[in-house]
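**Q** Residue numbers (the working numbering): 20 to 350.
Yeah, the Cβ is synthetic: ideal placement off N, Cα and C, and Gly gets one too.
Below is one structure. I have some questions about it.
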Amino acid sequence: MIDGKSILITGGTGSFGRQFVRNILAHHNPRRVVVYSRDELKQYEMQQEFRDPRMRFFLGDVRDAERTRQACREIDVVIHAAAIKQVPAAEYNPMECIKTNIHGAQNVIDACLDNEVERVIALSTDKAASPINLYGATKLASDKLFVSANNIVGRRRTRFGVVRYGNVVGSRGSVVPFFQKLIAEGATEIPITDARMTRFWITLEQGVEFVIRSLARMHGGEVFVPKIPSSRITDLARAMAPELPTKIVGIRPGEKLHEVMVPADNAFQTVEFQDHYVIRPSITFVTEPNYFLDATGEKGVQVTDDFEYNSGTNPHFLSDDEIRALIAEKK
């Protein structure tokens with residue numbers, strides 16, 4: 020699904036976009052790769068890093084429907100990574116988050132339909148499952164838009180899917196680089212929000228590989244969820260700075276103690292595969308695919324009625340050594 024294709028990444032100058040471009044240029048043979056974002060400085064910096072004749076850079080914002088439609092011309096695959104992602108920023112600037120994460124999502128969908136893009140993957144987040152903050156609520160709305168878009172494709176070749184995963188190790192604004200900065204500056208203690216807090220973890224490269232595999236697996240309408248490990252925030256702090264004490268500072272606005280990627284209410288729609296889950300769409304399309312058999316031929320099984328994929332009850336928790344290895348891997 021990558022070789023010989025024209026690929027566009029919205030928000031392509033972000034952490035995911037850079038790693039995605041790095042991966043597909045090194046391990047695949049796309050016809051061209053278009054980075055679509057609104058930050059000219061970050062695009063300039065990417066141009067210096069990726070001096071490849073297959074690269075294209077397109078200034079624009081997913082909020083701009085016409086510009087997004089232009090960006091999607093003669094594109095085969097779209098990865099939608101553009102979003103306002105900081106939970107506190109979304110709480111304090113709700114309409115800005117809505118304009119990008121919901122209105123922008125619809126603009127991407129319309130642009131892909133108008134240009135008959137072949138496959139579209141939208142990046143989601145664990146915060147979209149049973150959301151309690153605005154960021155999660157907007158991403159849930161975005162997920163619903165991308166899933167339901169399969170019902171209006173008609174005879175077009177376009178198919179839409181969603182990839183949902185947890186915290187990305189080392190992504191900008193996340194806790195790992197925050198702790199690293201404090202340690203480098205000689206902090207005498209590590210601030211943590213709540214000793215009970217847990218999170219799912221994935222590296223950027225693992226996220227990129229999962230998106231690429233999902234492009235090959237998708238029928239259209241799925242929410243793909245990888246099986247990934249959890250860690251406690253206290254374990255993360257100890258693994259990164261074993262000599263420093265911790266200080267409880269309280270949960271930030273919109274945060275949960277534990278994150279969920281497959282809520283119990285979605286168990287009846289969820290199919291388990293070897294390394295991932297698929298949440299089947301709740302709506303019925305004109306042509307209903309067999310979501311128990313992905314496009315690569317792998318078979319899945321229905322999860323139990325009481326199933327929930329929760330970072331607090333995840334069977335795989337990282338040890339201190341595994342946490343350190345995961346952080347080292349992202350460098």
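Decide yes or no for the touch test of the segment 261-277 against the segment 230-247: beta carbon pairs closer than 8 Å, at least 3 of them.
**A** no
**Q** Going straight from the alpha carbon of L27 to that of M216, what length do you get?
**A** 36 Å
**Q** Run through the DSSP bridge pairs and tell me what E204 is partnered with.
**A** Beta-bridge pairing links E204 to no other residue.
**Q** Buried or exposed: Y296, going by 16 or more other Cβ atoms within 10 Å of its Cβ?
**A** buried
**Q** Give me, in chain order, the residues of the same chain whose beta-carbon lies closer than 8 Å to that of M259; leave out the 5 immediate sequence neighbours on both sides.
**A** V195, F198, Q199, I202, I209, I342, R343, I346
**Q** If we ignore side chains and look at the alpha-carbon of each, how far apart do R174 and E135 end up?
**A** 10 Å
**Q** Name the DSSP bridge partner or partners of V187?
**A** The beta-bridge partner set that DSSP reports for V187 consists of I221.
**Q** Report the rounded CA-to-CA distance for F326 versus E115, giving the unit in angstroms.
**A** 35 Å
**Q** Y154 and K146 look like a contact to me (Cβ under 8 Å); what is the Cβ gap, rounded to whole Å?
**A** 6 Å
**Q** Nearest to K275 by CA position, among Q225, M20, S330, P248, is which residue?
**A** S330
**Q** Just to confirm, are T87 and V139 a CB contact at a threshold of 9 Å?
**A** Cβ distance not < 9 Å, so T87 and V139 don't count as in contact.
**Q** Is any heavy atom of the ligand SAM found at a distance shorter than 8 Å from the C-beta of G239?
**A** Inclusion of the ligand SAM in the displayed structure is not the case, the ligand content being empty and no account of it being possible.
**Q** In whole angstroms, what separates the C-alpha of M65 from that of H47?
**A** 19 Å
**Q** Rounded to whole angstroms, what is the Cα-Cα separation between T222 and V305?
**A** Approximately 37 Å, taken between the alpha carbons.
**Q** Can you find the residues in the same chain that come closer than 8 Å, C-beta to C-beta, to P150, ignoring five residues on each side of it along the sequence?
**A** A156, K158, L159
**Q** Within the segment 22-99, note down every full alpha helix (DSSP H) run reaching 4 residues or more, in order along the chain.
**A** 34-46, 59-68, 84-90
**Q** Excluding the five sequence neighbours on either side, which residues of its own chain have a C-beta within less than 6 Å of the C-beta of P245, listed in chain order?
**A** Y184, F229, H295
**Q** Is the beta carbon of V242 sitting closer than 9 Å to the one on V182?
**A** yes
**Q** When you compare each of V81, T332, Q105, Q125 to I247 by their alpha carbons, which one comes out closest?
**A** T332
**Q** Rounded to whole angstroms, how far is the Cβ of E282 from the Cβ of A148, which I believe are closer than 8 Å?
**A** The amino acid occupying residue 282 in the given sequence is Pro; Glu does not appear at that position. Rounded, the Cβ-Cβ distance is 5 Å, consistent with contact.
**Q** Which residue wins for smallest C-alpha separation from P264, given the options T315, N152, Q62, A214?
**A** A214
**Q** Taking only three categories from DSSP, how would you classify E272?
**A** Just to set this straight, residue 272 is Pro in the shown sequence, not Glu. Three-state result, P272: coil.
**Q** Taking V279 as part of the beta strand (DSSP E), name the residues at either end of that continuous run.
**A** DSSP places V279 in the uninterrupted beta strand (DSSP E) bounded by 279-281.
**Q** Counting only the same chain and skipping the five closest in sequence on each side, list residues whose C-beta sits under 6 Å from that of M74.
**A** Same-chain partners within the cutoff: V52.
**Q** Leaving aside the five residues before and after Q321 along the sequence, list all residues of the same chain whose C-beta is less than 7 Å from its C-beta, in chain order.
**A** If we look at Q321 and ignore the five residues flanking it on each side, its Cβ neighbours are V290.
**Q** Flag this pair as yes or no: are the beta carbons of F35 and V187 separated by less than 9 Å?
**A** yes
**Q** Just confirm the distance between the C-beta atoms of N170 and I43, as a whole number of angstroms; I'd bet it's less than 8 Å.
**A** Not really, about 30 Å apart at Cβ, beyond 8 Å.
**Q** Which first and last residues belong to the alpha helix (DSSP H) in which K158 is found?
**A** 153-167
**Q** State buried or exposed for N309, treating a residue as buried only when at least 16 other CB atoms are found within 10 Å of its CB.
**A** exposed
**Q** In three-state DSSP terms, what is I209?
**A** strand
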